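Residue numbers (our numbering): 525 to 913.
All C-beta atoms, glycine included, are put in the ideal place defined by N, C-alpha and C.
Just so we're clear, the structure is a prediction, and the values are computed from it rather than from any experiment.
Read the structure below first, then the notes.
What follows is the structure, given as structure tokens:
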């Protein structure tokens with residue numbers, strides 16, 4: 525779906541380049557024809573001035589982001605005056621029709637096409653000097669076919685875009701449902717594990733301690749036996765609890781690897797034909813609490829997921845820096861960037877990953893900063909203090 529959207533944008537840009545080039549070619553040809561055939565005309569200064577104004581207005585109406593319709597209206601008005609003074613400039617109406625159909629509503633654009641076509645017919649008849657049927661019928665026929673094709677393509681493109689949006693939304697809902705189902709299944713598994721081990725062990729300890737309390741004065745030896753049995757059960761439960769923690773840790777760390785090795789493995793795993801992920805370790809990371817290592821690895825995974833899904837980057841770099849009082853994880857990419865101050869919305873799909881990363885950092889008393897700008901890449905930095913909280 526992303527490739528289809530990108531191909532559609534490429535086709536639109538290519539068509540725009542062709543139309544823009546055609547406009548300036550037609551404008552230049554019309555001006556050259558006028559100068560060759562009417563070099564001694566008293567209208568030459570007006571025609572040349574309006575032709576230059578037309579070239580400037582066309583560029584402004586295409587490049588401008590604000591007031592585009594107003595600039596286009598001025599462009600059409602300048603062309604109308606110019607075509608009355610020099611009918612050969614009527615050929616420039618074709619690119620103007622394309623621009624009008626592209627930026628105006630269908631009803632307004634069709635009205636504009638009718639007006640431009642009528643003006644072209646009248647000026648060409650005046651230039652020919654007689655009621656040439658070809659000049660009367662051909663321009664409206666061409667304009668009608670062109671308008672019908674363009675409007676049909678635009679509506680088809682809108683329907684396709686709506687279909688793609690529905691598919692993306694459905695895929696996200698399905699992924700969210702699967703995540704919820706997986707979370708519920710994991711919770712159920714852990715609940716059964718805890719019930720069958722820790723909860724049963726705690727219940728047994730409670731019974732043994734109560735039994736020891738009842739016979740403490742009358743049978744001290746039996747009471748000590750109950751205490752030793754309770755201690756053995758507590759030891760087994762502690763081992764079981766540690767196993768739970770180990771199972772919930774990231775796989776790269778649970779296997780006994782260091783954080784540096786886990787980040788290097790993550791970089792290698794996330795690298796693809798279109799995205800190169802590098803990993804740099806600055807300084808020598810000392811022994812870190814398991815929670816800190818797991819949090820940093822999860823942050824790196826979440827940040828790279830954002831890069832892969834949203835940034836359209838070609839390179840990303842993971843940098844782990846060990847300082848005296850803190851450890852800093854930086855993830856930088858050369859992607860499209862975004863405005864960190866703008867609230868997340870459904871258009872760029874941001875709003876879940878970054879708040880989760882900030883929450884993880886805050887839980888360890890750290891700071892998370894994001895430096896980015898549209899078209900300028902992104903740098904996410906998470907700094908976690910190396911002190912006992």
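Check: Give a yes or no on whether the C-beta atoms belonging to residue 630 and residue 675 are separated by under 8 Å.; Outcome: yes
Check: Going by C-alpha distance, which of 852, 804, 878 is nearest residue 842?; Outcome: 804
Check: Taking the alpha carbon of residue 796 as the reference point, which residue from 826, 603, 628, 836 has its own alpha carbon closest?; Outcome: 836
Check: Keeping to the same chain, check which residues put their C-beta closer than 8 Å to that of residue 809; ignore five residues upstream and five downstream.; Outcome: 782, 783, 784, 844, 846, 851
Check: Return helix, strand or coil for residue 802, following the three-state DSSP convention.; Outcome: strand
Check: If the criterion is Cβ atoms closer than 8 Å, does the pair residue 647 and residue 608 meet it?; Outcome: yes
Check: Tell me whether residue 650 is buried or exposed, calling it buried when 16 or more other Cβ atoms sit within 10 Å of its Cβ.; Outcome: exposed
Check: For residue 859, count neighbouring C-beta atoms within 10 Å of its own C-beta (all shown protein chains included) and say buried if the count is 16 or more, exposed if not.; Outcome: buried
Check: For residue 896, does the three-state DSSP call read helix, strand or coil?; Outcome: strand
Check: In whole angstroms, what is the alpha-carbon distance linking residue 897 and residue 855?; Outcome: 15 Å
Check: Does the contact criterion of 3 or more C-beta pairs under 8 Å hold for the region 652-670 versus the region 571-579?; Outcome: no
Check: Take the Cβ of residue 663 as the centre, count every other Cβ of all protein chains shown within 10 Å, and call the residue buried at 16 or more, exposed below.; Outcome: buried
Check: Just to confirm the assignment, what range does the alpha helix (DSSP H) spanning residue 619 have?; Outcome: 617-627
Check: Exposed or buried, what is residue 763 when buried is set at 16 or more other beta-carbons lying within 10 Å of its beta-carbon?; Outcome: exposed
Check: Hey, how far is the Cα of residue 706 from the Cα of residue 714?; Outcome: 12 Å
Check: Candidates 791, 787, 802: which alpha carbon is nearest residue 818's?; Outcome: 787
Check: Taking the alpha-carbon of residue 902 as reference, which of 910, 893, 909 has the nearest alpha-carbon?; Outcome: 893
Check: Is the CB-CB distance between residue 594 and residue 617 below 8 Å?; Outcome: no
Check: Determine the closest residue to residue 669 out of 789, 691, 622, with distance taken between C-alpha atoms.; Outcome: 622
Check: Return the CA-CA distance between residue 905 and residue 853, expressed in angstroms with no decimal places.; Outcome: 6 Å
Check: Suppose contacts are defined by Cβ-Cβ distances below 8 Å. Is residue 840 in contact with residue 799 by that definition?; Outcome: yes
Check: Alpha carbon to alpha carbon, how far is residue 569 from residue 678?; Outcome: 40 Å
Check: Short check: CB of residue 909 to CB of residue 849, under 8 Å?; Outcome: yes
Check: Rounded to whole angstroms, what's the CA-CA distance from residue 726 to residue 741? Just pull it up for me.; Outcome: 24 Å
Check: Classify residue 857: buried if its beta carbon has 16 or more other beta carbons within 10 angstroms, exposed otherwise.; Outcome: buried
Check: Residue 826 and residue 881 - do their beta-carbons sit closer together than 8 Å?; Outcome: yes
Check: So is residue 551 buried or exposed if we call it buried at 16+ other beta carbons inside 10 Å?; Outcome: buried
Check: So what does residue 852 bridge to, in DSSP terms?; Outcome: 845, 907
Check: Assuming residue 667 and residue 637 form a contact by the criterion Cβ under 8 Å, report the distance between their Cβ atoms to the nearest whole angstrom.; Outcome: 5 Å
Check: How big is the Cα-Cα spacing for residue 544 and residue 834?; Outcome: 31 Å
Check: In whole angstroms, what is the alpha-carbon distance linking residue 722 and residue 756?; Outcome: 13 Å
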